[in-house]
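In our numbering, the protein residues as written are 1047 to 1497.
Written below as structure tokens is the structure these notes are about.
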């Protein structure tokens, strides 16, 4: 399969910086404050292959606009490593995956023969436990010999059950013949809702065939990322597969009329104070990326003011903007055709006929999951399948829903939902609660690959 570097064919405008919805709001506010008071948010000088740009934001109404500056300076001058000696542009046509990972920390895989680098291309960056080992794997017997004595190097995940931290799942990281593996030992099944007791009646883990009192081993493997955009020498990436499953907010306060984090006045579907934000920028990043790789990940300014609901929603929430290295996409992001997503939000059976799989656009948001995600509680599906024919799952977005306890997410059918209505005691519910732990995590980040 053809491999190459970055070209100007990538889209130049990311919703994480300048969503259309925000521009519309700014235009509406213009009559109230007169002329825009433009302030520079970020800028970059022109390089060999990319034009310079300036991102401006009105200090009054927060409308944003993107301005092109100087044109690209000329052709690249490639050195022995495959990177441009002038601007750092990476040319990978002559590199194997192993060489690319060793020299640059990432690997680009072209999905077509066009020679251009476009939305949907794949980057391999970092590593995470993913595939479940079987008896046919060479390391299986050696790992089983590690034993199941929880006092011997096993660590509790310290997950929540009935609103309190419980020790019912343990992990252990082991290296065999230079390859890394993570063992997961189950004393009980993690509940799909942190307010419920651990056990098979409130979990999807048992449905995947995992048994209690047994260790399962998962191999660390390079993480595949879909490219959404290239700008300012950075790739905006979103994981190709759901890598884990965690609740948006781990603490269960139990009062649906309030749904605030205990001891605070902060709503549980507020991204800034969420447990999943802390997880992604803490334990996940520390496990998935080396120190050098973490240096490549750039802080991203996230616009959290616009949430995933209609203006007539029953509930409104105002959130602060945040700066994060690892994050979840927003409702607006997964409605952005520039990122490869359809502009239509719903692809349910009622609006699309008898077979959801007859709607081509429905596949564009669907994502599958790793085996490690399922033992963490990710709700899998055999009804919805991805474009590659893999089973799809539900995954979480960072935007709040239209109820005090709801978040947004993408369903197994590829619909972006913000209804948030559910029965927390029913395994058949199509939920959207901030305390649900069965949504897959599809992390996003920006990686510096050029100057």
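Each residue gets a CB set at the ideal place from its N, CA and C atoms; glycine is no exception.
Looking at the backbone, the Cα of residue 1315 and that of residue 1286 are separated by about 25 Å. Contact check for residue 1288 and residue 1486: beta-carbon distance about 3 Å, within the 8 Å limit, so the pair qualifies. Contact between residue 1176 and residue 1264 holds: their C-beta atoms lie close to 6 Å from each other, under 8 Å. Under the three-state reduction of DSSP output, residue 1275 falls in the strand class. Sequence-distant partners of residue 1087 (beyond 5 residues in either direction) whose C-beta falls short of 6 Å from its own C-beta, in its chain, are 1101 and 1103. With respect to the 8 Å criterion, residue 1375 and residue 1443 are classified as neighbours on the basis of their beta carbons. The DSSP-derived three-state label of residue 1246 is helix. Under the DSSP assignment, residue 1296 falls outside any alpha helix (DSSP H); it carries neither an H nor an E label. Rounded to the nearest whole angstrom, the C-alpha separation of residue 1450 and residue 1189 is 45 Å. Per DSSP, the unbroken beta strand (DSSP E) holding residue 1173 starts and ends at 1168–1178.
Note that the C-beta distance between residue 1412 and residue 1250 is not below 8 Å. Take residue 1220, set aside five residues on each side of it, and the residues of its chain with a beta-carbon closer than 7 Å to its own are 1189, 1192, 1227 and 1229, in chain order.
Pairing residue 1445 with residue 1387 gives a Cβ-Cβ distance that is not under 8 Å. In the displayed model, residue 1346 falls within a strand according to three-state DSSP. Of the residues 1322, 1207 and 1257, the one whose Cα lies closest to the Cα of residue 1420 is 1257. The Cβ atoms of residue 1380 and residue 1171 do not sit closer than 8 Å to each other.
Ranking 1293, 1416, 1324 and 1480 by CA distance to the CA of residue 1313 puts 1480 first. For residue 1265, the beta-bridge partners assigned by DSSP are 1177 and 1227. Within the same chain, 1222 come within 6 Å of residue 1185 by CB-CB distance, once the 5 residues on both sides are set aside. DSSP, reduced to helix, strand and coil, places residue 1492 within a strand of the structure shown.
Here residue 1246 is not near residue 1207, since their CB atoms are 8 Å or more apart.
The Cβ atoms of residue 1462 and residue 1391 sit closer than 8 Å to each other.
Cβ contact annotation for residue 1284 (same chain, cutoff 7 Å, sequence separation greater than five): 1271, 1272, 1274, 1375, 1488 and 1490, in chain order. When the beta-carbon positions are compared, residue 1367 and residue 1345 stay at least 8 Å from each other. For the options 1194, 1385, 1417 and 1422, the alpha carbon positioned closest to that of residue 1410 is the one of 1385. Taking 8 Å as the cut-off, the beta carbon of residue 1320 is found closer than this to the beta carbon of residue 1294. Cβ atoms of residue 1373 and residue 1348 come within 8 Å of each other, at about 6 Å.
Within its own chain, the residues whose Cβ lies closer than 8 Å to the Cβ of residue 1166, once the five positions on either side in sequence are excluded, are 1157, 1272, 1273 and 1386, listed in chain order. DSSP places residue 1484 outside both helix and strand once states are collapsed to three, so it counts as coil.
Comparing C-alpha distances from residue 1422 to each of 1239, 1460 and 1168 shows the shortest one belongs to 1239. For residue 1283, there is no enclosing alpha helix (DSSP H); the residue is part of the beta strand (DSSP E) that begins and ends at 1280–1285. By the 16-neighbour rule on beta-carbons within 10 angstroms, residue 1241 is buried.
Nearest in C-alpha terms to residue 1173, of all of 1406, 1290 and 1430, is 1290. Residue pairing by DSSP puts residue 1306 in a beta bridge opposite 1313. Ranked by how close their Cα comes to the Cα of residue 1324, the residues 1296, 1259, 1459 and 1427 have 1296 in first place. In the DSSP assignment, residue 1113 forms a beta bridge with 1100.
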